[in-house]
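Residue numbers for the sequence shown follow my numbering, so the first one is 1072 and each next one is one higher. Worksheet: the structure to be examined is printed underneath.
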Amino acid sequence: MAGIGHNRGPGSGSGFRAHCWSVARRELLGARLPVEVVRLQLRRAKELGLDYRTYAGVRATTGRDLVAFLYSTNALGAFRSDRPVLPAKRQRICESAAAAHLGYGPGLAPQPVAKQIGAVSALALPQFGASWSAMRERMKDWLRAQGLPGDAVLMIGETDHEREIMMAGGLAAFVTGQKFFAGAADAI
1072 MAGIGHNRGP GSGSGFRAHC WSVARRELLG ARLPVEVVRL QLRRAKELGL DYRTYAGVRA
1132 TTGRDLVAFL YSTNALGAFR SDRPVLPAKR QRICESAAAA HLGYGPGLAP QPVAKQIGAV
1192 SALALPQFGA SWSAMRERMK DWLRAQGLPG DAVLMIGETD HEREIMMAGG LAAFVTGQKF
1252 FAGAADAI
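Take a look at the structure:
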(Lines of atoms letter the chains of each structure in order from A and count residues from 1; the text may use other names and numbers.)
(Lines give C-alpha, C1' and ligand atoms only; values in the text may rest on other atoms or scores of the structure.)
Protein backbone atom coordinates (compact mmCIF):
# COMPACT_ATOMS: atom_id res chain seq x y z
CA MET A 1 0.00 0.00 0.00
CA ALA A 2 1.49 3.31 -1.13
CA GLY A 3 1.21 6.21 1.23
CA ILE A 4 2.86 9.53 1.89
CA GLY A 5 6.56 9.24 1.19
CA HIS A 6 6.26 6.04 -0.80
CA ASN A 7 8.84 7.34 -3.27
CA ARG A 8 11.32 7.79 -0.41
CA GLY A 9 11.48 11.59 -0.73
CA PRO A 10 14.69 13.57 -1.26
CA GLY A 11 18.03 11.88 -0.75
CA SER A 12 20.12 12.45 2.32
CA GLY A 13 22.59 14.80 0.59
CA SER A 14 20.09 16.98 -1.29
CA GLY A 15 20.16 19.82 1.25
CA PHE A 16 23.94 20.02 1.08
CA ARG A 17 23.89 19.95 -2.75
CA ALA A 18 21.35 22.79 -2.80
CA HIS A 19 23.59 24.78 -0.45
CA CYS A 20 26.64 24.16 -2.68
CA TRP A 21 24.74 25.29 -5.78
CA SER A 22 23.51 28.48 -4.12
CA VAL A 23 27.02 29.34 -2.89
CA ALA A 24 28.53 28.64 -6.33
CA ARG A 25 25.88 30.75 -8.05
CA ARG A 26 26.40 33.64 -5.64
CA GLU A 27 30.18 33.52 -6.21
CA LEU A 28 29.75 33.40 -9.97
CA LEU A 29 27.16 36.16 -10.35
CA GLY A 30 27.91 38.23 -7.30
CA ALA A 31 25.27 39.26 -4.82
CA ARG A 32 24.47 42.51 -6.63
CA LEU A 33 25.34 44.39 -9.76
CA PRO A 34 27.82 47.22 -9.26
CA VAL A 35 26.13 50.59 -8.90
CA GLU A 36 27.77 51.95 -12.04
CA VAL A 37 26.40 49.06 -14.12
CA VAL A 38 22.91 49.73 -12.79
CA ARG A 39 23.28 53.43 -13.62
CA LEU A 40 24.38 52.61 -17.18
CA GLN A 41 21.47 50.21 -17.60
CA LEU A 42 19.02 52.79 -16.25
CA ARG A 43 20.36 55.37 -18.71
CA ARG A 44 20.15 52.92 -21.63
CA ALA A 45 16.62 51.84 -20.68
CA LYS A 46 15.55 55.48 -20.69
CA GLU A 47 17.21 56.06 -24.10
CA LEU A 48 15.28 53.11 -25.51
CA GLY A 49 12.01 54.15 -23.90
CA LEU A 50 11.70 51.02 -21.78
CA ASP A 51 11.21 50.56 -18.08
CA TYR A 52 14.31 49.35 -16.25
CA ARG A 53 12.81 46.00 -15.28
CA THR A 54 12.04 45.07 -18.89
CA TYR A 55 15.42 46.23 -20.17
CA ALA A 56 17.41 44.56 -17.39
CA GLY A 57 15.48 41.31 -17.87
CA VAL A 58 16.17 41.25 -21.60
CA ARG A 59 19.81 42.20 -21.05
CA ALA A 60 20.28 39.46 -18.44
CA THR A 61 18.54 36.86 -20.60
CA THR A 62 20.26 37.58 -23.91
CA GLY A 63 23.54 39.12 -22.77
CA ARG A 64 23.13 41.75 -25.49
CA ASP A 65 21.99 45.32 -25.73
CA LEU A 66 18.85 46.08 -27.74
CA VAL A 67 19.58 47.86 -31.02
CA ALA A 68 16.27 47.62 -32.90
CA PHE A 69 12.53 47.47 -32.27
CA LEU A 70 10.16 45.65 -34.62
CA TYR A 71 6.77 47.38 -34.37
CA SER A 72 3.74 45.48 -35.64
CA THR A 73 0.95 47.40 -37.33
CA ASN A 74 -1.38 45.97 -34.66
CA ALA A 75 0.68 47.63 -31.92
CA LEU A 76 0.62 50.90 -33.85
CA GLY A 77 -3.14 50.69 -34.38
CA ALA A 78 -2.59 50.98 -38.14
CA PHE A 79 -5.23 48.60 -39.43
CA ARG A 80 -5.49 50.43 -42.76
CA SER A 81 -2.65 51.93 -44.78
CA ASP A 82 -4.38 55.29 -45.12
CA ARG A 83 -4.96 55.68 -41.37
CA PRO A 84 -2.34 57.84 -39.63
CA VAL A 85 -0.40 56.56 -36.65
CA LEU A 86 -1.28 58.59 -33.56
CA PRO A 87 1.13 61.51 -32.97
CA ALA A 88 1.92 60.32 -29.42
CA LYS A 89 3.00 56.94 -30.78
CA ARG A 90 5.11 58.53 -33.51
CA GLN A 91 6.75 60.78 -30.90
CA ARG A 92 7.51 57.79 -28.67
CA ILE A 93 9.13 55.92 -31.58
CA CYS A 94 11.19 58.95 -32.62
CA GLU A 95 12.49 59.43 -29.07
CA SER A 96 13.75 55.85 -28.84
CA ALA A 97 17.43 55.22 -29.54
CA ALA A 98 16.58 51.85 -31.13
CA ALA A 99 16.23 51.58 -34.90
CA ALA A 100 12.56 51.27 -35.86
CA HIS A 101 11.45 48.46 -38.16
CA LEU A 102 7.88 47.74 -39.26
CA GLY A 103 6.18 44.35 -39.29
CA TYR A 104 2.94 44.55 -41.25
CA GLY A 105 0.03 42.19 -41.70
CA PRO A 106 -1.63 40.95 -44.88
CA GLY A 107 -3.55 43.47 -46.96
CA LEU A 108 -1.59 46.51 -45.82
CA ALA A 109 0.70 48.65 -47.92
CA PRO A 110 3.75 49.16 -45.71
CA GLN A 111 5.17 52.36 -47.24
CA PRO A 112 2.75 54.91 -45.70
CA VAL A 113 3.05 53.47 -42.19
CA ALA A 114 6.81 52.91 -42.47
CA LYS A 115 7.29 56.51 -43.57
CA GLN A 116 5.24 57.82 -40.62
CA ILE A 117 7.38 56.03 -38.03
CA GLY A 118 10.70 56.44 -39.85
CA ALA A 119 11.17 52.69 -40.25
CA VAL A 120 14.48 51.40 -41.54
CA SER A 121 12.74 48.41 -43.12
CA ALA A 122 9.33 46.82 -43.52
CA LEU A 123 8.68 43.10 -43.12
CA ALA A 124 5.56 41.19 -44.14
CA LEU A 125 4.90 39.18 -40.98
CA PRO A 126 4.15 35.48 -41.46
CA GLN A 127 0.44 34.86 -41.81
CA PHE A 128 -1.65 33.23 -39.13
CA GLY A 129 -1.49 29.47 -39.52
CA ALA A 130 2.03 29.44 -40.98
CA SER A 131 4.20 26.62 -39.71
CA TRP A 132 6.80 27.26 -37.04
CA SER A 133 9.62 26.51 -39.49
CA ALA A 134 8.17 28.90 -42.09
CA MET A 135 7.92 31.67 -39.48
CA ARG A 136 11.47 31.00 -38.30
CA GLU A 137 12.83 31.01 -41.85
CA ARG A 138 11.06 34.27 -42.77
CA MET A 139 12.30 36.01 -39.63
CA LYS A 140 15.87 34.69 -39.92
CA ASP A 141 16.03 35.79 -43.57
CA TRP A 142 14.87 39.28 -42.58
CA LEU A 143 17.40 39.45 -39.74
CA ARG A 144 20.22 38.43 -42.09
CA ALA A 145 19.12 40.99 -44.69
CA GLN A 146 19.15 43.74 -42.04
CA GLY A 147 22.41 42.56 -40.46
CA LEU A 148 20.76 42.25 -37.05
CA PRO A 149 21.31 39.61 -34.39
CA GLY A 150 17.91 38.25 -33.37
CA ASP A 151 18.56 38.58 -29.67
CA ALA A 152 19.15 42.33 -30.04
CA VAL A 153 15.69 43.00 -31.53
CA LEU A 154 12.64 43.63 -29.35
CA MET A 155 9.22 43.01 -30.87
CA ILE A 156 6.39 45.34 -29.96
CA GLY A 157 3.09 43.75 -30.90
CA GLU A 158 -0.36 42.89 -29.64
CA THR A 159 -1.43 39.37 -30.58
CA ASP A 160 -0.43 35.90 -29.47
CA HIS A 161 0.46 35.13 -33.08
CA GLU A 162 3.00 37.97 -33.03
CA ARG A 163 4.41 36.56 -29.80
CA GLU A 164 4.84 33.21 -31.59
CA ILE A 165 6.59 34.98 -34.47
CA MET A 166 8.98 36.54 -31.95
CA MET A 167 9.77 33.15 -30.42
CA ALA A 168 10.15 31.43 -33.79
CA GLY A 169 12.49 34.15 -35.03
CA GLY A 170 14.65 34.08 -31.91
CA LEU A 171 14.05 37.74 -31.08
CA ALA A 172 15.03 39.12 -27.69
CA ALA A 173 11.59 39.63 -26.16
CA PHE A 174 8.01 40.75 -26.72
CA VAL A 175 6.35 43.83 -25.24
CA THR A 176 2.72 44.69 -25.90
CA GLY A 177 2.02 47.92 -27.69
CA GLN A 178 -0.38 48.90 -24.92
CA LYS A 179 2.40 48.65 -22.35
CA PHE A 180 5.02 50.35 -24.52
CA PHE A 181 2.85 53.23 -25.68
CA ALA A 182 0.89 53.70 -22.45
CA GLY A 183 3.84 55.32 -20.73
CA ALA A 184 4.79 52.31 -18.62
CA ALA A 185 8.39 53.07 -19.50
CA ASP A 186 8.15 56.54 -17.93
CA ALA A 187 8.30 55.07 -14.41
CA ILE A 188 12.09 54.74 -14.33
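Think of the CB as a built atom: it goes at the ideal place given N, C-alpha and C, for glycine as much as any other residue. Computed from a predicted model, the values in this text were never measured in an experiment.
Shortest alpha-carbon distance to Ala1168 belongs to which of Asp1136, Gln1187, Val1184, Ala1146? Asp1136
Host alpha helix (DSSP H) of Gly1228 (start-end): Segment 1224-1228 is the beta strand (DSSP E) holding Gly1228; no alpha helix (DSSP H) there.
Straight-line Cα distance separating Lys1250 from Tyr1126: 13 Å
So the alpha helix (DSSP H) Gly1128 belongs to, where does it begin and stop? 1123-1133
Pro1177 to Gly1221 span [Cα, whole Å]: 23 Å
Should Ser1143 be labelled buried (16 or more other beta-carbon atoms within 10 Å of its own) or exposed? buried
Using DSSP's beta-bridge definition, name the partner residues of Ala1193. Leu1173
Give the secondary structure of Ser1152 by DSSP, where H, G and I count as helix, E and B as strand, and everything else as coil. coil
Can you have a look at Ala1253 and say buried or exposed, based on whether 16 or more other CB atoms are within 10 angstroms of its CB? exposed
With DSSP as the reference, label Phe1140 as helix, strand or coil. strand
Helix, strand or coil for Phe1245, going by three-state DSSP, please let me know. strand
Where do the ends of the alpha helix (DSSP H) carrying Leu1214 lie? 1203-1217
DSSP three-state label for Gly1263, please. Given a span of 1072 to 1259 for the chain in the structure shown, any question on residue 1263 remains unanswerable.
For a quick check, are the C-beta atoms of Leu1179 and Ser1152 less than 8 Å apart? yes
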